[in-house]
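Here's the structure we're looking at; comments come further down.
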Amino acid sequence: MSATSFDPIATAFTPNQQGADAVIDAVELIAAVSGGMQLVSTGNPGSGIALNSGTSTPSPLAPPPAAADYLQSLMSELAQCLSGTSASCTQAIDASYLENGFTSFATAHPGLAASGVTLGLPQTLKFFTSTNGTQEALVELRYTTSSGTHGAATTVVQKTAAGWDIVGNQQPFNVTINSFLARRTFVDTADQQFGRYEAGIGINIPANAATNLAAASVTGPGINGTAYLVPRSGTGNNALALTSTALASVPTAPTTTNSNTTLYRWSWTALPGSTGTFSPGTNSRGFYTPSPIDVTTVPQFATYIVTFYDSTGTQIAPPFNVTNASPTLSASAGAGVPWQTLSSSVLNDFLNPAGALAGTQSSVGIAWSTNTGTANVAPLVSRVQIQTTPGTGVTPSTEVDGWASAPATFAANGQYSATVTAGVDQSGVQECTSACPFPALQAGASRLVQLSWNGGQTSFYNLFKYND
């Protein structure tokens, strides 16, 4: 197909993974790290074409090493496998399949393997060659549930003598690293000037990802030295968290952290109207780079090295690779997101030391709107979280969090709400062995409300915080 002779207006378009449709399948439209959008090839997503007026005649993108319909047979076999045809499972899933520590495809991807799921067309994110020379690809498998909800899961496929099959990411443990974009709004007067957009990577490691897991180290593009994650000092969250301060080496004794975050931030920029200049202190260098980095130095779909340790600092297993299955972002991309609005009742009653809900609360109703002022266009929230820290001198002094699922269906009026219960983690498990309400908002205390959702494999967080 010739770029000089092809007429996109007059030529009939057929979605058959041939011709023009094959070209569409060979490229991705992703956020450019310097702002705006860029077009990249699945053959080499590290080299793209910026879509702006300053782009001169670009060099051709690298062609992918496989035809656009290379997964057609595999997807047919996978659909039959998920419908209960075991012979198709043998064809679709490689005997060496391993994904985040799971050897079963259904266990690794329960949403995709649920009854009534309809598979959509897969999206290739990146072609690459494995260490043994096999042609592989990182792909996003899109699907629709029986209730009409759309979902997506990533995996790795490999070329075999018979075609292609699913081999998984070959990770021995359940670790996920993905890009995130956040808007951080401060409600208290002292910190309002530091409102900002933030970007980086989220590092999700369940506390039970390995027996005797007490710490994890992560190195790779964008990280300043080594990031360490350890158990949390609070309750209401089942994942390891980044240390507050930067560590020079792995802890050699049981250690906890009160950072309460899995988000490693390497890019930030002030919100419109925010006049303060934020600079992370030494007490937050465990999850911030010392200053914003040049995000263009971080490759698309970068790979990180993760190592697990026990409480003595001894390795539990050999280091392993984890690939970020989402595009690299900079904080400037936050300006292009239609963010939700938190209800005035939550701001006035819960995020206010003089509010009606300023005292201890066992559960709190959180309401928000997806109306941005002109239209109901802000994304659907998937989860709501509350993070609270007790005031000065309060016993117990541990942080109390809580999670809730958000309504999954579209509301024409753009109004949504969910009730968050103290101590309930992201799996719906009550972690408190005795009553653990959200502590009162008083001197030395803080409260944060987080609205989160995913766009593709990228996580988004809309944060509202009051520091007393």
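Those letters in the sequence shown? Residues 51 to 518, by the working numbering. Ideal Cβ positions, reconstructed from N, Cα and C, are used throughout, including at glycine. On a predicted model such as this, the values are computed, not experimentally measured, just so you know.
* Just the C-alpha distance for W389 and T235, rounded to the nearest angstrom, thanks. => For W389 and T235, the distance between alpha carbons rounds to 11 Å.
* Among P403, P349, V345, which one has its Cα closest to the Cα of D383? -> Note that residue 383 corresponds to Ala in the displayed sequence, not to Asp. Comparing alpha carbon positions, the residue from P403, P349, V345 closest to A383 is V345.
* Distance, T362 Cα to P304 Cα -> The straight-line gap separating the alpha-carbon atoms of P304 and T362 is approximately 7 Å.
* Apart from the five residues just before and just after S467, which ones in its own chain have a Cβ nearer than 7 Å to its Cβ? -> Here the set comprises G415, I416, A417.
* To do: Below 8 Å on the Cβ atoms is my guess for A492 versus P403; work out the distance and round it to an integer in Å.
  => In the sequence as presented, Ala is not what sits at residue 492; that position holds Gln. At roughly 6 Å, the Cβ-Cβ gap stays under 8 Å, so Q492 and P403 are in contact.
* To do: Specify the secondary structure class of L191 as computed by DSSP and reduced to three states.
  => Under the three-state reduction of DSSP, L191 is assigned to strand.
* Asked: Of the choices A117, Q437, I255, whose alpha-carbon is the least far from that of G151?
  -> Nearest option by C-alpha distance: I255.
* **For G252, the three-state DSSP class (helix, strand or coil)** => Strand at G252.
* When burial is assigned at 16 or more other CB atoms within 10 Å of the CB, is P110 buried or exposed? -> So P110 ends up on the exposed side.
* Enumerate in chain order the residues of its own chain whose CB-to-CB distance from G134 is below 6 Å, with the five nearest sequence positions on each side excluded. => No residues qualify anywhere along the chain.
* Asked: Between the stretch 469 to 483 and the stretch 423 to 431, do at least 3 Cβ pairs fall closer than 8 Å?
  -> Not touching, per the Cβ criterion.
* Kindly identify the DSSP beta-bridge partner or partners of S180. => Looking at the DSSP output, S180 sits in no beta bridge, so it has no partner there.
* Entirely enclosed beta strand (DSSP E) segments - the stretch 288 to 365, minimum 3 residues -> As far as the stretch 288 to 365 is concerned, its whole beta strand (DSSP E) runs of at least 3 residues are 313 to 320, 353 to 359.
* Asked: Any idea if Q365 is buried or exposed, counting beta-carbon neighbours within 10 angstroms, 16 or more meaning buried?
  -> Result: exposed.
* Under 8 Å by Cβ, that's how I've got A232 and Y511 pegged, so tell me the actual separation to the nearest angstrom. => Rounded to the nearest angstrom, the Cβ distance from A232 to Y511 is 4 Å, consistent with a contact under 8 Å.
* Tell whether a beta-carbon distance below 8 Å holds between N333 and F351. => Cβ atoms of N333 and F351: not closer than 8 Å.
* In the structure shown, what three-state DSSP assignment does N66 receive? -> The answer is coil: DSSP assigns N66 none of H, G, I, E or B.
* **the stretch 475 to 488 / the stretch 282 to 300 touching (three or more Cβ pairs under 8 Å)** => Contact holds: three or more Cβ-Cβ distances are below 8 Å.
* **Same chain, Cβ closer than 8 Å to P108, neighbours up to 5 away in sequence not counted** => Hits under 8 Å: I99.
* Can you say whether D57 is buried or exposed, counting buried as having 16 or more other CB atoms within 10 angstroms of its CB? => By the neighbour-count rule (16 or more Cβ atoms within 10 Å), D57 is not buried but exposed.
* **Buried versus exposed, by CB contacts within 10 Å (16 or more), G452** => Counting every other CB atom within 10 Å of its CB across the protein chains shown gives G452 a total of 16 or more, marking it as buried.
* To do: Let me know if G161 comes out buried or exposed under the rule of 16 or more other beta-carbons within 10 Å of its beta-carbon.
  => Burial call: exposed.
* Reduced DSSP category for T157 - H, G, I as helix; E, B as strand; rest coil -> Note: T157 maps to helix in three-state DSSP.
* So, helix, strand or coil for L124, using DSSP? -> When DSSP states are grouped into helix, strand and coil, L124 belongs to the helix group.
* To do: Kindly indicate the opening and closing residues of the alpha helix (DSSP H) around V531.
  => This structure does not reach residue 531, given that the chain is present from 51 up to 518, and the question cannot be answered.
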